[in-house]
Amino acid sequence: MKADGEVIRLLYIDDDRGLSRLVEKELGRHGYVVTCAPDGDAGLDVLVARPTDFDAIALDHYMPGREGLDVLPDIVALTDPPPVVYVTGAQEGRIAVAALRAGAADYVIKDVSEDFTALLRNAIEDAIHRRRLQREHDEAQEQVRLARDRAEAMLREVNHRVGNSLQLVSSFMSLQMRHLADDGARSALRESQARIEAVAHVHRRLYTSGDMSSVEMDEYLRGLIDELSKSLGPDAGSPKLALEVEPLRVSTDQAVSLGVVVTELVTNAVKYAYAPGQGGEIRVILRTGPDGRALLTVEDDGPGMGDGTPKGTGLGGKIISAMASGLRSAVEFDQAHKGVRARLAFDL
């Protein structure tokens, strides 16, 4: 695995001086530069003093003072240490297993034959190769992470700009309403403004969220209901909007569709459920149904739909149908309920 002309710098830690000279001589013939240390502490001192001077370490097990298994954790604890090949003259498998668990890249049974130096060289080169592959993998993963972070930052900025732009459009509509004398026109603009706010609220939620792909519906609906309370029913005699919602996370597209549906149903209830100044309550409920699907309910305690003939221009109904279709569902009305109860079941 060693490339032609490549120099491998090895720190060989062993108290057997004769074997150390053999390793230095034999590996030197294959392009190695071998630095020998007589015991674990001496080898650790060399490594600490010259942390970038070695490509690999060969560490003996039995040594005076501290054994290799005592020194190995200190080597592994260093910042970006070279891979360690554990060397032992014992045939006991438990020593090799302990070394591998402690962080050694490989192990070799040592003797004075040429097979030992050949096996040692193969183990060292394999350990270096695996370390290079791991570093390349880590670098690639880091590049992927950086690219993802950049993309998320850009998407967050897009949501911020879209939310601001929609807010600006809503402000323009507020200015326009102040210059209109026709109540019908003012009402139409106010309803359009509520639809825009429903979409803008999703983008504002995404801008402040750590997840760009989904929306926490409990937080989103609380903010949306608060906006609707201020824009559609600011008077003391206006209906009260009540929210009951479970913590559910949905996709961004689902959140937009649900926000528009809630806005349309609440707007209709504010307009038709109760007489002016009568008060009353409009409830928005979102929970998981027994079948595992999510169930959105908007209901009031008004007189109901009467003969079932839609009131108004019908634009709201068309918008609701379009949004529900995007959720692969449809809004159904509970005829047994005293007032109006609209339900929309959808898959999470």
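For the sequence shown, the positions run 1057 to 1404 when the working numbering is used.
Built from N, CA and C at the ideal position, the CB exists for glycine as well.
Being a predicted model, the structure only gives us computed values, none of them experimental.
Does the segment 1158–1172 touch the segment 1133–1142, meaning 3 or more C-beta pairs lie closer than 8 Å?
yes
Below 8 Å on the Cβ atoms is my contact criterion, and I expect S1221 with Q1249 to pass it. Report the Cβ-Cβ distance as a whole number of Å.
Taking the first residue of the sequence shown as position 1, residue 1221 is located at position 165. Taking the first residue of the sequence shown as position 1, residue 1249 is located at position 193. The pair is not a contact, with the Cβ atoms about 14 Å apart (cut-off 8 Å).
What number of angstroms, rounded off, separates the C-alpha of A1154 from the C-alpha of D1101?
Sequence index remark: in the sequence shown, residue 1154 carries index 98 (1-based). Sequence index remark: in the sequence shown, residue 1101 carries index 45 (1-based). Approximately 23 Å, taken between the alpha carbons.
Could you please give the first and the last residue of the uninterrupted beta strand (DSSP E) stretch that includes R1349?
Numbered from its first residue, the sequence shown carries residue 1349 at position 293. Element bounds for R1349: n/a, residue is neither H nor E.
Delimiting residues of the beta strand (DSSP E) encompassing S1270:
For this step, residue 1270 is matched to residue 214 along the sequence shown. From DSSP, the beta strand (DSSP E) with S1270 extends over S1270 to E1272.
Y1142, enclosing beta strand (DSSP E) - first and last residue
Taking the sequence shown and counting its residues from 1, the one referred to as residue 1142 is at position 86. Element bounds for Y1142: V1140 to T1144.
Alpha carbon to alpha carbon, what distance is there between E1213 and V1127?
In the sequence shown, the residue the question calls residue 1127 occupies position 71. In the sequence shown, the residue the question calls residue 1213 occupies position 157. Whole-angstrom Cα-Cα distance: 51 Å.
For the segment 1231–1238 against the segment 1312–1325, do three or more pairs of beta-carbon atoms, one drawn from each stretch, fall closer than 8 Å, so that the two count as touching?
no
Where E1355 sits in the DSSP three-state scheme
Within the sequence shown, residue 1355 is the residue found at index 299, counting from 1. It is a strand residue.
Which whole-angstrom value describes the C-beta separation of L1134 and L1103, a residue pair presumed to lie in contact below a C-beta threshold of 8 Å?
The sequence position of residue 1134 within the sequence shown is 78, counting from 1. The sequence position of residue 1103 within the sequence shown is 47, counting from 1. Confirmed, Cβ separation roughly 7 Å.
Thinking C-beta only, is E1247 closer than 8 Å to E1283?
Residue 1283 sits at position 227 when you count from the first residue of the sequence shown. Residue 1247 sits at position 191 when you count from the first residue of the sequence shown. For E1283 and E1247, no; Cβs fall outside 8 Å.
Please state whether DSSP places V1396 in a helix, a strand or coil.
As a working note, residue 1396 is residue 340 in the sequence shown. Reduced to three states, the DSSP call for V1396 is coil.
Can you tell me whether DSSP reads F1110 as helix, strand or coil?
As a position in the sequence shown, residue 1110 is number 54, starting the count at 1. Reduced to three states, the DSSP call for F1110 is coil.
Helix, strand or coil at T1135 [DSSP, three-state]
By one-based count along the sequence shown, residue 1135 stands at place 79. Three-state result, T1135: coil.
Could you spell out the range, first to last residue, of the alpha helix (DSSP H) harbouring V1312?
Position 256 of the sequence shown holds residue 1312. From DSSP, the alpha helix (DSSP H) with V1312 extends over T1308 to Y1328.
Give me the Cα-Cα distance between Y1118 and M1210, rounded to the nearest whole angstrom.
Against the sequence shown, residue 1118 aligns to sequence position 62. Against the sequence shown, residue 1210 aligns to sequence position 154. Each residue's alpha carbon lies about 57 Å from the other.
Using the beta-carbon count (16 or more within 10 Å), is Q1310 buried or exposed?
If you number the sequence shown from 1, residue 1310 lands on position 254. Counting Cβ neighbours within 10 Å, Q1310 comes out buried, since at least 16 surround it.
Using a threshold of 8 Å, state whether the C-beta atoms of Y1163 and A1146 are closer than that.
For the purposes of this step, residue 1163 is identified with residue 107 of the sequence shown, where counting begins at 1. For the purposes of this step, residue 1146 is identified with residue 90 of the sequence shown, where counting begins at 1. No, the pair does not count as a contact, with Cβ atoms beyond the cut-off.
May I have the straight-line CA-CA distance separating Q1197 from A1203, to the nearest angstrom?
As a first step, residue 1197 must be located in the sequence shown, where it is residue number 141. As a first step, residue 1203 must be located in the sequence shown, where it is residue number 147. Between Q1197 and A1203, the C-alpha separation is close to 10 Å.
Between which two residues does the beta strand (DSSP E) containing E1300 stretch?
On the sequence shown, residue 1300 is found 244 positions in, with the first residue counted as 1. Segment K1296 to V1301, the beta strand (DSSP E) holding E1300.
My assumption, with CB atoms under 8 Å, is that G1096 sits in contact with V1063. Please give the rounded CB distance.
Numbered from its first residue, the sequence shown carries residue 1096 at position 40. Numbered from its first residue, the sequence shown carries residue 1063 at position 7. Not quite, the Cβ-Cβ distance comes to about 25 Å (not below 8 Å), so this is no contact.
Provide the residue span of the beta strand (DSSP E) that contains R1065, from first to last.
The sequence position of residue 1065 within the sequence shown is 9, counting from 1. Where R1065 is concerned, the enclosing beta strand (DSSP E) stretches over I1064 to I1069.
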